[in-house]
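Peer 1:
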Amino acid sequence: MITFITGGARSGKSSFGEALVKKAATVPADVLYIPTAKAYDEEMQDRINKHRIRRPKEWETLEMSTRFQGLEINSDFVERSVVMVDCLGVFVTNRMLLKERDFDQITANERDQMEKEIQREVKHLLDILREKEAFIVSNEVGMGLVPEYPMGRIFRDILGRINHEVAARADKVYFVVAGIPMCLKGEDR
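Just add 203 to wherever you are in the sequence shown, counting from 1, and you've got the working numbering.
#1: Rounding to the nearest angstrom, what Cα-Cα distance links THR310 and ASN297 in this structure?
#2: Who pairs with VAL376 in a beta bridge, going by DSSP?
#3: Provide the residue span of the alpha helix (DSSP H) that contains LEU301, from first to last.
#4: Would you mind reading off the limits of the alpha helix (DSSP H) that contains ASP315?
#5: Would you mind sorting VAL178 into buried or exposed? The rule is 16 or more other CB atoms within 10 Å of its CB.
#6: Name the residue from VAL230, ARG359, GLU261 whose alpha carbon lies nearest to the alpha carbon of MET346.
#7: Would you decide whether THR206 is buried or exposed? Buried here means 16 or more other CB atoms lie within 10 Å of its CB.
#8: Go ahead and pull the three-state DSSP assignment for SER214.
#9: What first and last residue would you give for the alpha helix (DSSP H) that runs through ASN252?
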């Protein structure tokens with residue numbers, strides 16, 4: 204079963220996801236936590252550290268910032284029945300920055316190819332999570348202003364379409380606003 208949790212920045216989506224994981228896991232050691240963040244600077248390292256402190260120490264952590272291919276044969280993944288991925292927005296950012304690109308000059312073909320590669324990774328993730336009790340966290344990007352720069356617009360468009368795909372395939376979908384989760388899809392409705 205896949206549960207998708209989305210919300211804005213600092214909305215409480217990760218904390219809510221972690222609470223759902225704690226309820227789902229009868230044994231804390233049965234949880235695999237997959238963070239996608241990379242510590243590019245001190246502020247990001249601080250965010251990562253705060254997430255680590257908040258999580259139970261028994262949860263196994265497997266950092267995957269740019270690829271989900273191969274996860275299905277990883278022993279930590281195979282051995283655990285509860286999986287949390289946090290977060291797809293950071294994953295999309297990491298994939299967009301994987302190759303050096305001039306986003307002000309990117310062609311439609313380059314943009315489409317980049318999006319196809321990202322979608323392929325996320326679809327693979329969704330396929331292999333079907334056999335698990337899975338929780339996926341992502342940023343909601345469709346409610347803000349149109350980004351001023353091409354890179355921001357490309358990010359918003361790609362993540363928006365990925366969120367759409369994940370929500371369509373998820374069994375449950377929650378939207379978190381100001382720390383309050385609202386069930387949009389699934390049995391809590």
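Cβ atoms here follow ideal geometry from the backbone N, Cα and C, with glycine treated the same way.
Note that this is a predicted model, so its numbers are computed, not measured.
Peer 2: In short, the structure shows the following:
#1: 19 Å
#2: PHE207, LYS388
#3: Unbroken run through LEU301: none, as it is neither H nor E.
#4: 311–332
#5: Since the first residue of the chain shown is 204 and the last is 392, residue 178 is not available in this structure.
#6: ARG359
#7: buried
#8: Coil.
#9: 245–257
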